[in-house]
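Participant: One structure, pasted below without further comment.
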Amino acid sequence: MFKALVVEKNEEGKTSAAVQDMSIDQLPEGEVTVAVEYSTVNYKDGLCIGTGGGLVRNYPHIPGIDFAGVVEKSSDDRYKAGDKVVLTGWRVGEAHWGGYSQKARVKADWLVPLPDGIDARQAMAVGTAGFTAMLAVMALEDHGIKDGPVLVTGAAGGVGSVATAILANLGHEVAAVTGRPETSDYLKSLGAKQIVAREEINETTKRPLEAEAWGGCVDAVGGDMLARVLGQMKYGASVSAVGLAGGAGLPTTVIPFLLRGVNLLGIDSVMQPYDNRMRAWQRIAKDLPMEKLEAMVQPATLSDLPQLGRDILKGQVKGRVVVDVNA
Ligand code: NDP
Numbered sequence: 019m020f021k022a023l024v025v026e027k028n029e030e031g032k033t034s035a036a037v038q039d040m041s042i043d044q045l046p047e048g049e050v051t052v053a054v055e056y057s058t059v060n061y062k063d064g065l066c067i068g069t070g071g072g073l074v075r076n077y078p079h080i081p082g083i084d085f086a087g088v089v090e091k092s093s094d095d096r097y098k099a100g101d102k103v104v105l106t107g108w109r110v111g112e113a114h115w116g117g118y119s120q121k122a123r124v125k126a127d128w129l130v131p132l133p134d135g136i137d138a139r140q141a142m143a144v145g146t147a148g149f150t151a152m153l154a155v156m157a158l159e160d161h162g163i164k165d166g167p168v169l170v171t172g173a174a175g176g177v178g179s180v181a182t183a184i185l186a187n188l189g190h191e192v193a194a195v196t197g198r199p200e201t202s203d204y205l206k207s208l209g210a211k212q213i214v215a216r217e218e219i220n221e222t223t224k225r226p227l228e229a230e231a232w233g234g235c236v237d238a239v240g241g242d243m244l245a246r247v248l249g250q251m252k253y254g255a256s257v258s259a260v261g262l263a264g265g266a267g268l269p270t271t272v273i274p275f276l277l278r279g280v281n282l283l284g285i286d287s288v289m290q291p292y293d294n295r296m297r298a299w300q301r302i303a304k305d306l307p308m309e310k311l312e313a314m315v316q317p318a319t320l321s322d323l324p325q326l327g328r329d330i331l332k333g334q335v336k337g338r339v340v341v342d343v344n345a
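Going by the working numbering, the sequence shown opens with residue 19, and the numbers climb by one from there.
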């Protein structure tokens, strides 16, 4: 037997989440059984712990869109018992049972070996949010980061915290946008040079173009924030659009694209092929200072997850939550 956070739906369609004892034969099909060590709390996990947010198709469900641990059993030649592995994406924790469990069974294709220089806890301090932040930075680099500050929106959240630390470590001047002024010292400790209040961006003129301000942007917020930022980018600069914590709409015009050559780059961490995942994890091991990563971490256990799921949907989680599933 092992423990997992199981979400159930009753006949009225109401969901509830609780830690339960499970047995191995209940796990879904897959070539590799993993003894999970750590998982994390991402925005999508908040949705999956709660109402499902349209992501969960079948109940009972075990959320947890990422995990790191040790292979226990494998029928695939690429993995053997004892190998250290990490998983992000592939709709694990949404369509397939995920990492809020002491055991997981998944397809071998979805795993990557844990990169040298990172342990399972650190890998989950990074997690899907940090992995996505790295993909967002790599996309900016591919399109050329212009001179001037690089903006990070939703900076005190998971994606924003890791993006801030990586960009600062690479030598960029980071301007961190936050709606929580009390996180200023935290964001500066991650390397942000400038703290920008959320309203400073959201309450600008709403003209399609404003003064050119930013050499690049990692945007975790979407909605009005992204619309305003597009009109403030330097000529030819790029925005990596990662999330929609502030809304899925995009009330903008074609003007920033036509008159400033702005690039809007969509970032998807879910369906990344193996080579890209390996490349991003190797860059994380090289470019993300582990002491800054440590400053972002809030520890948690399986039984903390129902509350943390509600908190992240309200934008109240700071940095990265690391769940020790065996605690
Ligand atoms: P968090 O909740 O940790 O961070 C989101 C941050 O956005 C908050 O901390 C807050 O930052 C800011 N925010 C929240 N609500 C609003 C609002 N109404 N208006 C403006 N800002 C707001 O989430 P994550 O960092 O884990 O994820 C961020 C987004 O990225 C989510 O939408 C998530 O689904 C998405 N995502 C996408 C991935 C992909 O593959 N494309 C992968 C991972 C995440 P502050 O307090 O500093 O203002």
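Positions of the beta carbon are idealized from the N, C-alpha and C atoms, including for glycine.
Output the distance between the C-alpha atoms of Ile80 and Ser41, rounded to the nearest integer angstrom.
Facilitator: 13 Å
Participant: Measure the alpha-carbon distance for Val247 versus Ile219 and round it to whole angstroms.
Facilitator: Going from the Cα of Val247 to the Cα of Ile219 covers about 7 Å.
Participant: Tell me whether Tyr61 counts as near the ligand NDP, meaning its Cβ is closer than 7 Å to at least one heavy atom of that ligand.
Facilitator: yes
Participant: Per DSSP, Lys91 forms a beta bridge with which residues?
Facilitator: Thr51
Participant: Rounding to the nearest angstrom, what Cα-Cα distance links Cys66 and Arg328 in this structure?
Facilitator: 10 Å
Participant: Give, in chain order, every unbroken run of the beta strand (DSSP E) that is at least 3 residues long and sits entirely within the segment 179-217.
Facilitator: 192-196, 212-215
Participant: Does the segment 290-300 come within contact of the segment 266-277, defined as at least 3 CB pairs closer than 8 Å?
Facilitator: no
Participant: Could I get the ranges of all uninterrupted beta strand (DSSP E) runs contained in the segment 112-184, with 3 residues as the minimum, in chain order?
Facilitator: Listed in chain order, they are 121-124, 129-131, 168-170.
Participant: Does the distance from the CB of Pro199 to the CB of Ala215 come in under 8 Å?
Facilitator: yes
Participant: Residues in the same chain with beta-carbon distance under 7 Å from Pro317, minus the five sequence neighbours each way, listed in chain order, please.
Facilitator: Val340, Asp342
Participant: Span of the alpha helix (DSSP H) holding Glu312?
Facilitator: First-last of the alpha helix (DSSP H) with Glu312: 308-314.
Participant: Any heavy atom of the ligand NDP inside 7 Å of the beta-carbon of Arg96?
Facilitator: no
Participant: Taking C-alpha atoms, which residue in Glu26, Asp95, Glu309 lies nearest to Pro324?
Facilitator: Glu26
Participant: Once you ignore the five residues that flank Gln314 on each side, which residues in its own chain have a CB closer than 6 Å to its CB?
Facilitator: The sequence shown places Met at residue 314, not Gln. Answer for Met314: Ser179, Gly337, Arg338, listed in chain order.
Participant: Could you check the C-alpha separation between Ala229 and Gly241 for me, to the nearest Å?
Facilitator: 20 Å
Participant: Under 8 Å, with one C-beta from each stretch per pair, do the segment 141-152 and the segment 70-87 reach the 3-pair mark?
Facilitator: yes
Participant: Among Leu283, Ala238, Ala266, Phe20, which one has its Cα closest to the Cα of Gln120?
Facilitator: When each option's Cα is compared against that of Gln120, the closest is Phe20.
Participant: Could you please give me the residues that DSSP links to Ser34 through a beta bridge?
Facilitator: Glu26
Participant: Apply the 10 Å Cβ neighbour rule to Arg225 and answer buried if 16 or more other Cβ atoms are within range, or exposed otherwise.
Facilitator: exposed
Participant: Using 8 Å for Cβ pairs, my map puts Val124 next to Lys102. What's the rounded Cβ distance?
Facilitator: Going by Cβ atoms, the distance from Val124 to Lys102 rounds to 15 Å, so no, they are not a contact pair.
Participant: Report yes if the CB atom of Thr182 is closer than 8 Å to the CB atom of Gly209, and no otherwise.
Facilitator: yes
Participant: Comparing the CB of Ile67 with every heavy atom of the ligand NDP, is any distance shorter than 7 Å?
Facilitator: Every heavy atom of the ligand NDP is 7 Å or more from the Cβ of Ile67, so no.
Participant: With respect to 7 Å, is the separation between the Cβ of Ser207 and the closest non-hydrogen atom of the ligand NDP below this value?
Facilitator: The ligand NDP has no heavy atom closer than 7 Å to the beta-carbon of Ser207.
Participant: Once the 5 residues before and after Ile136 are set aside, which same chain residues still bring their CB inside 6 Å of it?
Facilitator: Ala303
Participant: Nearest to Tyr97 by CA position, among Glu49, Pro307, Asp63, Arg139, is which residue?
Facilitator: Glu49
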